[in-house]
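**Q** Here it is: the structure, laid out below.
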Amino acid sequence: MKRCIRCILPETFPGIQFDEEGVCQYCRRAPATGAQAEKRTAQKARLRARFEELVSQVRGRPGHHCLMSWSGGKDSTYVLWLLKERYDLRVLAFTFDNGFVSPAAMKNMQVVAENLKVDHIIVKPRFDLLRQVFLASTQPGMYPPRALERASGICNTCMALAKGIGLRMALERNIPLLAYGWSPGQIPLASAIFRTNSRMLQAMTEAAMAPLEEATNGQIAVYFPEKHHLENVQECPYNVSPLAFLDYDEDTAVHRIKELTWERPQDTDPNSTNCLLNSFANMIHLEQMGYHPYAMELAGLVREGYMSREEALDRLEIASVPEVVATVETKLGIKGATHLTSASHLEDEE
Numbered sequence: 547m548k549r550c551i552r553c554i555l556p557e558t559f560p561g562i563q564f565d566e567e568g569v570c571q572y573c574r575r576a577p578a579t580g581a582q583a584e585k586r587t588a589q590k591a592r593l594r595a596r597f598e599e600l601v602s603q604v605r606g607r608p609g610h611h612c613l614m615s616w617s618g619g620k621d622s623t624y625v626l627w628l629l630k631e632r633y634d635l636r637v638l639a640f641t642f643d644n645g646f647v648s649p650a651a652m653k654n655m656q657v658v659a660e661n662l663k664v665d666h667i668i669v670k671p672r673f674d675l676l677r678q679v680f681l682a683s684t685q686p687g688m689y690p691p692r693a694l695e696r697a698s699g700i701c702n703t704c705m706a707l708a709k710g711i712g713l714r715m716a717l718e719r720n721i722p723l724l725a726y727g728w729s730p731g732q733i734p735l736a737s738a739i740f741r742t743n744s745r746m747l748q749a750m751t752e753a754a755m756a757p758l759e760e761a762t763n764g765q766i767a768v769y770f771p772e773k774h775h776l777e778n779v780q781e782c783p784y785n786v787s788p789l790a791f792l793d794y795d796e797d798t799a800v801h802r803i804k805e806l807t808w809e810r811p812q813d814t815d816p817n818s819t820n821c822l823l824n825s826f827a828n829m830i831h832l833e834q835m836g837y838h839p840y841a842m843e844l845a846g847l848v849r850e851g852y853m854s855r856e857e858a859l860d861r862l863e864i865a866s867v868p869e870v871v872a873t874v875e876t877k878l879g880i881k882g883a884t885h886l887t888s889a890s891h892l893e894d895e896e
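Here it is in structure tokens:
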């Protein structure tokens, strides 16, 4: 398979174009040196300053200063440490339990929460409902192709639920900061700190809920902000993704959280340190779309210099762990069933 010679995007990635040297358009536009690189460095510095300003503003408030969306994985655990220890914030961590959180990740969260002395809430929706949305997420058409460029359909579903639950909790508790552990390859720098208004929150919530409501016959709304939350909101929380603008090194992050007795799970695929469902989601996406769902994220990390091209390619080699996939299929009730659909539906749309 042909890939960009600088990053790792394959020829099967939607809209990919290679120049005569084999470089993709994303790498050609990426700021490598000179004025563009300096501009990006300055943008990160402004975001750091803005974040520190927000921290100073909220630190003296009563209650929790920040709600941390905590998956138990390495990146969100590292951000939790940053918020609590480096920035001295009173953090409420919350975890969306999708029914497939690695037992090792659950153990990690228990010991890390105790060692960091942070409050921790786990939200576990009923599994029959989760099963409905996960099965729907394996079918083409639930999400537009653009949404699938950065994540699988199942991951899009989990992210929508986690964000909805988190936003509702932040609004109900009047928590001013809502933090995420997105790596630099998962979120555009321009979105690293943003604040919406009531009208935008309503539109975003409705858009996120729509495919899930359809898949569950209208049973998913309880996990999202309700109309009265959005209409009566006095102060919309800031969404912050600190790893996008702070110095990020995966080895350093892992070393730091290991000091909190965090251990890397051995039952997940190379691109997850918390979720057993990820292997299954990767397999479905790869077969339907023709490219790995982590390709865009890893390519971004390579371009930014956070990861070598060789390491990124290694992570793409093992899309899923067969034993884990078998366990997931059994729990979802589709063992031996035909659940994959080819990518031909994309060709039909063009």
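Residue numbers are given in the numbering used here: position 32 of the sequence shown equals residue 578, and the series is strictly consecutive. In this text, a Cβ means the ideal position worked out from N, Cα and C, and glycines have one as well. Nothing here was measured: the structure is a model prediction, and the numbers come from that model.
#1: In or out: K548 buried (at least 16 other Cβ within 10 Å) or exposed?
#2: Assign S615 to one of three DSSP states: helix, strand, or coil.
#3: Among E584, G710 and G731, which one has its Cα closest to the Cα of A749?
#4: Just list the residues that DSSP pairs R741 with in beta bridges.
#5: Got a sec? Which residues, its chain only, sit under 8 Å from G609 by beta carbon, not counting five neighbours each side?
#6: If I'm right that E809 touches N654 with Cβ under 8 Å, what's the distance once you round it to whole angstroms?
#7: My parser needs the alpha helix (DSSP H) runs of 4 or more residues fully inside the segment 765 to 843; what are they?
#8: Could you give the DSSP three-state label for I864: helix, strand or coil?
#9: Any chance the CB of P839 is under 7 Å from a heavy atom of the ligand GTP?
#10: So the alpha helix (DSSP H) D674 belongs to, where does it begin and stop?
#11: Inspect the beta-carbon positions of K670 and D643 and report whether they are closer than 8 Å.
#12: Can you say whether K620 is buried or exposed, counting buried as having 16 or more other CB atoms within 10 angstroms of its CB?
#13: Starting from L713 and walking both ways along the beta strand (DSSP E), at which residues does that stretch end?
#14: At what residues does the alpha helix (DSSP H) containing V657 begin and finish?
#15: On the DSSP letters alone, give me the boundaries of the beta strand (DSSP E) that D665 sits inside.
#16: Quick one: Cα of L789 to Cα of E772, how far?
#17: Nearest to S737 by alpha carbon, out of V664, D793, E760 and L593?
#18: Take C553 and list the residues in its own chain whose beta-carbon comes closer than 6 Å to its own, dropping the five residues that flank it on each side.
#19: Since L724 is in the beta strand (DSSP E), which residue starts that stretch and which ends it?
#20: Thinking just about the alpha-carbon of each residue, which of V867, E796 and T807 is nearest to the one in D813?
#21: Using a Cβ-Cβ cut-off of 8 Å (strictly less than) and excluding sequence neighbours within five positions of E557, which residues of its own chain qualify?
#22: DSSP three-state call for R576: helix, strand or coil?
#23: Could you give the first and the last residue of the continuous beta strand (DSSP E) run that contains L638?
#24: Name the residue from P730, T807, A767 and K585 whose alpha carbon lies nearest to the alpha carbon of Y794.
#25: List the endpoints of the continuous alpha helix (DSSP H) containing F569.
#26: Confirm, please, whether the CB-CB distance from I830 to S698 is below 8 Å.
#27: Taking the straight line between their C-alpha atoms, what separation do you get for D815 and N778?
#28: Using three-state DSSP, classify F564 as helix, strand or coil.
#29: Looking only at its chain, what residues have a beta carbon closer than 8 Å to the beta carbon of L676, apart from the 5 residues adjacent to it on each side?
#30: Evaluate I739 with the Cβ neighbour count: other Cβ atoms within 10 Å of its Cβ, from every protein chain shown; 16 or more gives buried, anything less gives exposed.
#31: Within 8 Å, do at least three Cβ pairs link the segment 677 to 695 to the segment 821 to 837?
#32: Do you know how far the Cα of N820 is from the Cα of S617?
#33: In three-state DSSP terms, what is F632?
#34: Does the separation of the CB atoms of A650 and P811 fall below 8 Å?
#35: How would you label T587, buried or exposed, when you count the other beta carbons within 10 angstroms and need 16 or more for buried?
**A** Let me lay it out:
#1: Position 2 of the sequence shown, counted from the first residue, corresponds to residue 548. Its Cβ having fewer than 16 others within 10 Å, K548 is exposed.
#2: Here the question's residue 615 lines up with position 69 in the sequence shown. Strand.
#3: Position 203 of the sequence shown holds residue 749. Per the Cα distances, G710.
#4: For this step, residue 741 is matched to residue 195 along the sequence shown. Its beta-bridge partners are Y784.
#5: Within the sequence shown, numbered from 1, the residue matching residue 609 stands at position 63. The residues are R636, R719, N720 and I721.
#6: Numbered from its first residue, the sequence shown carries residue 809 at position 263. Numbered from its first residue, the sequence shown carries residue 654 at position 108. Indeed, because the Cβ distance is near 6 Å, the residues count as touching under 8 Å.
#7: 773 to 777, 796 to 804 and 823 to 835
#8: Counting from 1 along the sequence shown, the entry for residue 864 is found at position 318. Note: I864 maps to coil in three-state DSSP.
#9: In the structure on display, the ligand GTP does not appear, and there are no ligands present to speak of.
#10: As a working note, residue 674 is residue 128 in the sequence shown. Start and end: F673 to S683.
#11: The residue given as residue 670 occupies position 124 in the sequence shown. The residue given as residue 643 occupies position 97 in the sequence shown. Yes, they are a contact pair.
#12: On the sequence shown, position 74 is the one that residue 620 refers to. Buried.
#13: The residue given as residue 713 occupies position 167 in the sequence shown. Counting along the chain, L713 falls outside any beta strand (DSSP E), though it belongs to the alpha helix (DSSP H) covering G699 to R719.
#14: As a position in the sequence shown, residue 657 is number 111, starting the count at 1. It spans P649 to L662 - the alpha helix (DSSP H) in which V657 sits, taken as one unbroken run.
#15: Locating residue 665 in the sequence shown gives position 119, where the first residue counts as 1. From DSSP, the beta strand (DSSP E) with D665 extends over D665 to V669.
#16: Locating residue 789 in the sequence shown gives position 243, where the first residue counts as 1. Locating residue 772 in the sequence shown gives position 226, where the first residue counts as 1. Spanning the two alpha carbons is a distance of roughly 30 Å.
#17: Residue mapping note: residue 737 aligns to position 191 of the sequence shown, counting from 1. When only C-alpha atoms are compared, the closest one is L593.
#18: Here residue 553 corresponds to residue number 7 of the sequence shown, with the count starting at 1. Within the same chain, C553 has close Cβ partners C573, A845, V848 and R849.
#19: Numbered from 1 along the sequence shown, position 178 holds the residue referred to as residue 724. First-last of the beta strand (DSSP E) with L724: L723 to A725.
#20: Against the sequence shown, residue 813 aligns to sequence position 267. Considering only alpha carbons, the answer is V867.
#21: Here residue 557 is taken as the residue at index 11 of the sequence shown, counted from 1. So the list reads M547, K548, R549 and F564, once near-sequence residues are dropped.
#22: Stepping through the sequence shown from its first residue, residue 576 is reached at position 30. The displayed chain sequence assigns Ala, not Arg, to residue 576. Here A576 sits in coil by DSSP.
#23: Residue numbering aside, residue 638 sits at position 92 when the sequence shown is read from its first letter. Unbroken beta strand (DSSP E) run through L638: V637 to F642.
#24: Here residue 794 corresponds to residue number 248 of the sequence shown, with the count starting at 1. It is P730.
#25: In the sequence shown, the residue the question calls residue 569 occupies position 23. The identity of residue 569 in the sequence shown is Val, whereas the question assumes Phe. Note, V569: premise wrong, no alpha helix (DSSP H); not H, not E.
#26: Locating residue 698 in the sequence shown gives position 152, counting from the first residue. Locating residue 830 in the sequence shown gives position 284, counting from the first residue. Yes, the pair counts as a contact, with Cβ atoms nearer than the cut-off.
#27: In the sequence shown, counting from the first residue as 1, residue 815 sits at position 269. In the sequence shown, counting from the first residue as 1, residue 778 sits at position 232. Approximately 43 Å, taken between the alpha carbons.
#28: Counted from its first residue, the sequence shown places residue 564 at position 18. Residue state, collapsed to three classes: strand.
#29: Counted from its first residue, the sequence shown places residue 676 at position 130. So the qualifying residues of the chain are N644 and G645.
#30: Reading the sequence shown from its first residue, position 193 is the one you call residue 739. Buried, by the Cβ-count rule.
#31: yes
#32: For the purposes of this step, residue 617 is taken as residue 71 along the sequence shown, with counting starting at 1. For the purposes of this step, residue 820 is taken as residue 274 along the sequence shown, with counting starting at 1. Rounded to whole angstroms, S617 to N820 spans 7 Å at the Cα level.
#33: Counting from one through the sequence shown, the residue named residue 632 turns up at place 86. One detail in the question is off: residue 632 reads as Arg in this sequence, not Phe. DSSP places R632 in helix when its eight states are reduced to three.
#34: As a working mapping, residue 650 is identified with position 104 in the sequence shown. As a working mapping, residue 811 is identified with position 265 in the sequence shown. Yes, these two residues count as a Cβ contact at 8 Å.
#35: The residue labelled residue 587 in the question sits at position 41 within the sequence shown. So T587 counts as exposed.
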